[in-house]
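*Asks:* Numbering (our numbering), first residue to last: 944 to 1293.
All residues carry an ideal CB built from backbone N, CA and C; glycine is no exception.
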Amino acid sequence: MNRPVYWKSSLQDIGQAVQSVKKGKASLLCQSAGGRDIYLFEYGKRNVIKHDANYSSATGAKDPKYYADKTGADYTPTVLLVGAVHGGEFEGTVALLNLICLLETGFDLAGRENRELLAATEQINLLLIPCLNVDGRARVPFDAFLGVDYQTFRYYSQGTWLDGSLCEWPQCKAKHPIKEHVQFLGSYFNDHGVNLMHDHFFFPMAEETKALLRLCDERVPDITIHFHGGSNTTSTFLQTSYVPAFLNQRTYDLAQSVKAAAMDRGCDALFAVCPEQANNSAFPPASFNLVSACSHINGEVCIVYESNQGLAMENAFTPEQIYQILQITITETCQYAKKICRQRKKGSGI
Ligand SMILES: [Zn+2]
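1. Which word fits M1140, buried or exposed, when buried means at least 16 other C-beta atoms lie within 10 angstroms of its C-beta?
2. For Q1267, name the three-state secondary structure that DSSP assigns.
3. Where does Q1101 land, buried or exposed, given buried means 16+ other C-beta within 10 angstroms?
4. For the beta strand (DSSP E) containing E1047, name the first residue and the last one.
5. If you reduce the DSSP assignment to three classes, tell me which class S1250 lands in.
6. In whole angstroms, what is the alpha-carbon distance linking N1133 and G1290?
7. Between which two residues does the beta strand (DSSP E) containing H1169 stretch?
8. Quick one: what does DSSP say A1087 is sitting in, helix, strand or coil?
9. Taking the alpha carbon of P947 as the reference point, which residue from D1086, Y1010 and G958 has its own alpha carbon closest?
10. How should K988 be labelled, buried or exposed, when 16 other C-beta atoms within 10 angstroms of its C-beta is the threshold for buried?
11. For the segment 1067-1079 and the segment 1024-1044, state whether three or more C-beta atom pairs, one from each stretch, are separated by less than 8 Å.
12. Helix, strand or coil for S953, going by three-state DSSP, please let me know.
13. Should M1140 be listed as close to ligand 1, given that the test is whether its C-beta is under 8 Å from any heavy atom?
14. Given the structure, does H994 come close to ligand 1, in the sense that its CB is under 8 Å from one of the ligand's heavy atoms?
15. Where do the ends of the alpha helix (DSSP H) carrying G1102 lie?
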């Protein structure tokens, strides 16, 4: 399938965005296992957050304000958006590169306006990582899975075992790090074979994981979204395992807002609302993963957004549909972050 003009997701495209930034700021977040640069883009006023205690200790003292006091009049709601935690899940990268272009020029990469999205980002401190897993991204020789067949998708996403057979999902998680067990290392993994989503969080293995957790700890974003691709699933949030119920409730509330906004635009079929709570009592248990870890380091909402990837299979979204629902999600996320902060200042929120 021909990809539209705005469908940019390569490491070169990110490099060009770094060069183009004038209104915002681009900086090096860290380098990957393979020595590649990972960039953070930032817009809006940064908060200076002083930690009197880490989050665990502050909650032990029965007040998260000892970790991060966000009740000051000048506090700026903060949103962190992370693309391509799995390198071949390009959709978030596309949305973030278009957002950067929109913030810089007033137009996205197709030359289109989106005043609603721009308005939503006003008075927000926006932190954007277009591609966290640059090593995995470098292993995929194209910019989209749009119209691609299942075998090709699986090959470039999860790779092949030593006997050449496809590493299927979720068996691709049965070996970690996977590097010594594969013939072709899929884009799921960094160059050391680490799946960032399932790093060893008490002793993080990957620099990418450490840098992301550090950012979450320093900046304490009110909402963090990690953009993933989920084959041809209807785009959705996944509930985060093992976090306090009020955070699951926020995820659910935000999902309802996205659904309502999509309905207003006649495209509510593009988004499925997640369950109200995570199922933390299931067996085998759900994994404590990267979003759980981000949430536990700062006590705030961190969500997986699972995008449709437009594969040549049932329920394929068009590129425009994939992009549209991502834009709506980002708009609603920024508005919801402002709402949480307003409630907190009024003393009516948690
Ligand atoms: Zn993923």
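*Replies:* Inspection of the coordinates gives the following:
1. Buried: at least 16 other Cβ atoms inside 10 Å.
2. It is helical.
3. Buried.
4. Here E1047 belongs to no beta strand (DSSP E); instead the alpha helix (DSSP H) covers E1034 to T1048.
5. Strand at S1250.
6. Those two C-alpha atoms are separated by around 43 Å.
7. From DSSP, the beta strand (DSSP E) with H1169 extends over I1166 to G1172.
8. In the structure shown, A1087 falls within a coil segment according to DSSP collapsed to helix, strand and coil.
9. When only C-alpha atoms are compared, the closest one is D1086.
10. Answer is exposed; the Cβ neighbour count stays below 16.
11. Contact annotation: the segment 1067-1079 touches the segment 1024-1044, with at least three C-beta pairs closer than 8 Å.
12. The three-state secondary structure of S953, taken from DSSP, is coil.
13. For ligand 1, at least one heavy atom lies less than 8 Å from the Cβ of M1140.
14. The nearest non-hydrogen atom of ligand 1 is 8 Å or more from the C-beta of H994.
15. No alpha helix (DSSP H) holds G1102; the beta strand (DSSP E) holding it covers G1102 to W1104.
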